[in-house]
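There are 2 protein chains.
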Amino acid sequence: MAQKPSIPKGTRDFNAEEVAKRSYIMETIKAQFQIFGFQPIETPSFENSETLMGKYGDEGDRLIFKILNSGNFFYDKKNKIEIPTSIENLQSLSAEDVTTEQRIELNQFTSQISEKALRYDLTVPFARYVVQHQNDIEFPFKRYQMQPVWRADRPQKGRFREFYQCDADVVGSKSLFQEVEFVQLYDAVFSALKLEGVTIKINNRKILSGIAEVIGAQDKLIDFTVALDKLDKIGEEKVKEEMRGKGISEDGITKLQPLFTLKGDFGDQIESLKSILSTSEIGLKGIEELEFINTAISNLKLKTATLQLDVTLARGLNYYTGAIFEVSAPEGVKMGSIGGGGRYDDLTSIFGKPDTSGVGISFGLDRIYLVLEELNLFPSTIAESTKVLFINFGDKEALFSLGAVTKLRQANVKAELFPDAAVSGKQMKKQMNYANRRNIPFVVIMGEEELKSEVFTLKNMVSGEQQKLEFNALLNVLK
Amino acid sequence: MAQKPSIPKGTRDFNAEEVAKRSYIMETIKAQFQIFGFQPIETPSFENSETLMGKYGDEGDRLIFKILNSGNFFYDKKNKIEIPTSIENLQSLSAEDVTTEQRIELNQFTSQISEKALRYDLTVPFARYVVQHQNDIEFPFKRYQMQPVWRADRPQKGRFREFYQCDADVVGSKSLFQEVEFVQLYDAVFSALKLEGVTIKINNRKILSGIAEVIGAQDKLIDFTVALDKLDKIGEEKVKEEMRGKGISEDGITKLQPLFTLKGDFGDQIESLKSILSTSEIGLKGIEELEFINTAISNLKLKTATLQLDVTLARGLNYYTGAIFEVSAPEGVKMGSIGGGGRYDDLTSIFGKPDTSGVGISFGLDRIYLVLEELNLFPSTIAESTKVLFINFGDKEALFSLGAVTKLRQANVKAELFPDAAVSGKQMKKQMNYANRRNIPFVVIMGEEELKSEVFTLKNMVSGEQQKLEFNALLNVLK
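Same order as they appear, the protein sequences are chains A and B.
Counted from 1, the first sequence has number 551 at position 146 by this note's numbering; the numbering is strictly sequential.
Counted from 1, the second sequence has number 694 at position 289 by this note's numbering; the numbering is strictly sequential.
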């Protein structure tokens with residue numbers, strides 16, 4: 406019996422138009438990555454499990470797809486034989502077939518059935534790459550990487566089990582000019598995508614640490630920032646309630662009050678923060694970093710984006726040590742962040758290379774796609790594929806047509822010959838319909854008569870207009 | 406303790422130059438696919454196991470990477486509890502911890518631990534796609550697909566566990582014009598890659614069937630073709646020996662004799678085959694098909710490739726039903742086939758859509774890469790990335806430099822600012838060395854003096870020559 410075909414939940418097929426639109430976004434991002442001096446790398450889809458496990462927290466570990474070993478063997482101690490442990494063999498063992506020893510062995514064996522796992526993000530493989538190839542790399546190393554990642558997340562609208570990440574990172578320098586350039590890079594990419602009016606929100610982990618210090622909640626940094634991060638969603642009162650629940654003192658919450666009413670532009674907010682954090686060395690350091698970035702960006706000017714300070718921004722706090730970025734779509738578009746990133750000071754130490762500061766940003770391909778779709782910003786030519794279809798009236802005509810098709814192709818015109826001959830009016834109509842449904846704008850009719858005179862009848866499928874042309878004229882119209 | 410980082414055997418990291426070279430090949434192939442009217446699709450990296458299993462023979466099944474289920478639960482009948490079955494939990498169960506029931510359950514459970522598997526090739530997912538989306542597809546459907554596939558093969562030189570396939574197929578037409586166009590497509594791609602002089606070998610399954618019929622070995626078709634396929638490698642005598650060993654009669658082998666001495670061009674060989682296969686209807690049908698293709702190609706002419714008849718060509722015989730293609734590198738280059746394909750008449754019936762003829766070809770990315778490397782055919786500009794590096798002499802100079810870098814980037818010049826300030830001659834030398842090792846051809850020196858006069862000192866890193874330029878002149882040199 407034939408299977409009813411389907412794909413695993415959380416995964417997607419992409420048709421020609423979807424591939425074209427996704428490529429458009431990725432190529433635009435890639436072009437700016439290169440203009441900004443980033444170099445591409447690619448890493449394997451699966452890594453050794455120990456490279457990935459323990460890097461994303463317990464929840465992350467649970468979401469990593471593990472790959473079954475293949476070609477290994479299960480050693481049966483009692484009978485002193487090796488049993489192939491491919492999944493089929495395991496399946497074929499019924500409970501009665503296996504001895505107790507085998508069962509125990511099988512159980513122990515489960516700890517050995519998987520040694521590889523699918524990439525969960527591009528950052529950890531990048532850290533592994535940097536350490537493994539450190540002798541071949543010039544530092545600071547500016548790399549970009551655009552590859553799929555996999556997460557065993559519960560699939561839901563806009564969340565998939567396979568999706569692309571588009572990352573650019575620099576490792577090996579602490580210079581804040583890199584933060585400045587990443588703000589410019591976001592601006593350059595979204596401007597090139599004609600997605601104008603995005604907001605690049607920026608914060609600094611040091612400011613969050615400083616605030617925690619000032620309110621005497623250094624030990625509650627994560628609780629504190631998790632609550633603060635919700636300000637937009639649940640409002641001031643609920644945030645305070647949550648903080649109280651987490652044991653932050655009333656005195657501390659009072660000290661926080663100015664944070665809730667931070668107003669004005671970047672510079673104004675910075676001034677307020679300076680007074681709030683006046684007693685915190687680390688807080689003032691964070692302010693200094695933000696000021697440097699803001700001054701540089703004000704000086705250099707952004708094309709279409711806006712840089713905005715957002716002291717509630719946290720994003721995977723444990724990870725970032727300096728700047729934190731997040732990009733939101735233009736006002737009026739309901740969509741989570743379409744990009745994010747930040748500085749992490751010690752990513753590669755897990756692989757044996759300490760003191761290597763890194764900073765990077767990521768683009769959310771799927772969400773950018775949805776935003777461009779909603780705002781109708783994909784180029785109108787994106788669904789265009791083949792420019793001209795030659796109708797097939799039989800072998801003799803088709804062979805002559807293929808000669809013309811070949812010459813058109815050599816001139817880079819996307820051209821097709823319908824493969825089967827139309828021996829009736831109905832079949833010819835079928836070929837015309839094929840052109841229509843494929844969005845092919847021109848059709849060439851090359852029947853017996855046209856063959857004799859070597860003249861091509863070109864039909865514009867939009868206007869319905871027909872003209873008779875010699876080959877060179879045909880080429881000129883189609884080029 | 407830090408882990409010593411490594412990647413799973415049979416997988417690869419690609420550095421910037423390797424990514425650039427691979428992209429060059431893939432973009433060249435993709436451009437020709439599009440010019441020939443093929444449309445891109447993409448399918449998920451993993452499919453439901455039942456989509457893949459049983460499609461590639463026993464050996465193929467064994468080589469499919471299976472993915473462990475995640476987030477499932479193991480039901481302990483005795484204690485009536487659910488035990489999370491993530492691999493960590495399985496690991497933590499020691500033999501003493503589990504009851505006999507649990508062990509049996511665990512054993513049965515192994516048949517349920519994997520429901521998904523990594524794509525083994527692009528053809529079966531394509532067949533699944535065609536059936537699943539048949540109502541949204543215009544037939545004949547010309548699709549291309551360039552994505553990685555995974556095989557648990559024993560890694561060896563030039564054979565990897567993760568590699569890209571680049572496929573173009575048409576389904577839904579039996580027209581031989583498609584075979585003609587695929588020969589042209591091979592020619593167009595290899596010509597565009599400047600890899601001139603490849604040989605496109607062609608055969609037809611019907612000819613192989615005809616020969617088997619003529620020598621009375623229809624039931625030994627596979628044994629017979631496997632032996633014949635080795636003619637190049639082991640020579641005539643050994644092939645005959647193998648055939649005898651497989652039970653092909655002496656009389657049959659005598660009838661085969663003319664095959665071993667097939668001489669001349671395509672047309673001459675066709676004439677010989679006609680007399681050998683004069684009594685086989687299917688054999689004569691195969692000859693007719695080959696003649697059609699050869700006549701069309703002779704008429705249309707190839708740019709740089711040669712079409713050659715090779716009656717020993719078999720390639721996955723069970724799969725192909727008509728034309729069989731294989732491409733070999735230009736003479737003098739030691740390399741297996743760099744492409745292959747053929748016609749398969751009933752691929753989609755396994756998924757419930759019978760009578761859908763397909764024909765397609767594939768490009769061997771890794772081998773093409775090696776051939777282009779050996780013949781030095783990659784464009785010399787391929788390793789060029791960043792065009793100009795601005796030396797960093799401190800924040801003030803760097804901010805001014807970044808303004809110039811920004812303007813250069815907006816004019817699509819790949820430009821970088823070294824992120825850290827050089828406060829000593831040694832550090833400046835480090836920045837120059839960085840440019841050298843990164844193959845950056847120009848460096849801009851923008852010190853205190855240059856800042857005052859707003860003039861840029863441009864140094865050509867190859868010639869060593871230096872010139873002082875205003876911004877517009879600088880842009881002109883770098884553009």
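Glycine residues also receive a C-beta, built at the ideal position from the N, C-alpha and C atoms.
Nothing here was measured: the structure is a model prediction, and the numbers come from that model.
Under a criterion of Cβ atoms nearer than 7 Å, no residue of chain A is adjacent to T761/B; the nearest Cβ is some 12 Å distant. Along the segment 582-614 of chain A, going in chain order, the ones with a CB nearer than 8 Å to a CB of chain B are F582, Q583, V585, E586, Q589, A593.
Chain-ordered, the chain A residues with CB closer than 9 Å to the CB of F470/B read F451, I472, L473, S475, K521. Residue F876/A holds the alpha-carbon nearest to the alpha-carbon of A809/A among K426/A, V776/A, F876/A. Distance from the CA atom of T666/B to the CA atom of E642/B, rounded to whole angstroms, is 13 Å. A contact is defined here as three or more CB-CB pairs under 8 Å, and the segment 556-567 of chain B fails this definition with respect to the segment 778-785 of chain B.
The segment 417-425 of chain A makes no contact with the segment 758-768 of chain A: fewer than 3 CB pairs, one atom from each, lie closer than 8 Å.
For I412/A, the nearest CB of chain B lies under 8 Å from its own CB, placing it at the interface with that chain.
Annotation: T786/A is outside any alpha helix (DSSP H) and is labelled neither H nor E by DSSP. CA-to-CA, the gap between I616/A and I729/A works out to about 16 Å.
Excluding five sequence positions before and after L807/A, the CB atoms of its chain that fall closer than 7 Å to its own CB belong to L822, given in chain order.
Annotation: D574/B has no Cβ neighbours in chain A at a cutoff of 9 Å; minimum Cβ distance is about 13 Å. Under the rule that a run must span 3 or more residues, no beta strand (DSSP E) segment is found entirely inside the segment 619-682 of chain A. Closest by C-alpha distance to G577/B, out of L804/B, A532/B, E855/B, is A532/B. With a threshold of 8 Å between beta carbons, S703/B makes no contact with chain A. Interface with chain A (8 Å Cβ-Cβ cutoff): V867/B is excluded.
DSSP, reduced to helix, strand and coil, places V594/B within a helical segment of the structure shown.
Using a Cβ-Cβ cut-off of 8 Å, Q444/B counts as an interface residue toward chain A, since at least one Cβ of chain A sits closer than that to its own.
Non-local C-beta neighbours of D634/A in its own chain, meaning closer than 6 Å and more than five positions away in sequence, comprise T717, A719, ordered along the chain. In the DSSP assignment, D466/B falls within the alpha helix (DSSP H) that extends over 462-467. Taking 4 residues as the minimum length, the alpha helix (DSSP H) runs contained wholly in the segment 521-585 of chain A are 528-537, in order along the chain. Counting C-beta pairs with one atom in each stretch, the segment 785-795 of chain B and the segment 561-575 of chain B have fewer than three that are closer than 8 Å, which means they do not touch. Shown here, G757/B sits in coil according to DSSP, grouped into three states, outside any helix or strand. Secondary structure of S742/A (DSSP, three-state): coil. In the assembly as shown, G769/B is a buried residue. Its beta-carbon has 16 or more other beta-carbons within 10 Å. The contact set of S580/B on chain A, defined by CB atoms closer than 7 Å, consists of P824, D825 in chain order. Identification of residues in the segment 742-753 of chain B having a C-beta nearer than 7 Å to some C-beta of chain A yields an empty set. Just so you know, the alpha carbons of P413/A and S454/B end up roughly 9 Å apart. DSSP places T448/B in no alpha helix (DSSP H); its state is neither H nor E. Looking at the DSSP output, V764/A shares a beta bridge with V575/A, R748/A. Neighbours of I440/B in chain A, taken as residues at a C-beta separation under 8 Å, are given in chain order as R814, N817, V818, K819, A820. Under the DSSP assignment, L822/B falls in the beta strand (DSSP E) whose first and last residues are 820-822. In terms of CA proximity to T726/B, G747/B leads the group V619/B, D715/B, G747/B, Q872/B. Three or more Cβ pairs closer than 8 Å define a contact, and the segment 730-743 of chain A meets that threshold against the segment 594-609 of chain A.
Residue environment: Q444/B is assigned as buried (16 or more neighbouring CB atoms within 10 Å of its CB, all protein chains considered).
In terms of Cβ geometry, L883/B and L775/B do not form a close pair [threshold 8 Å].
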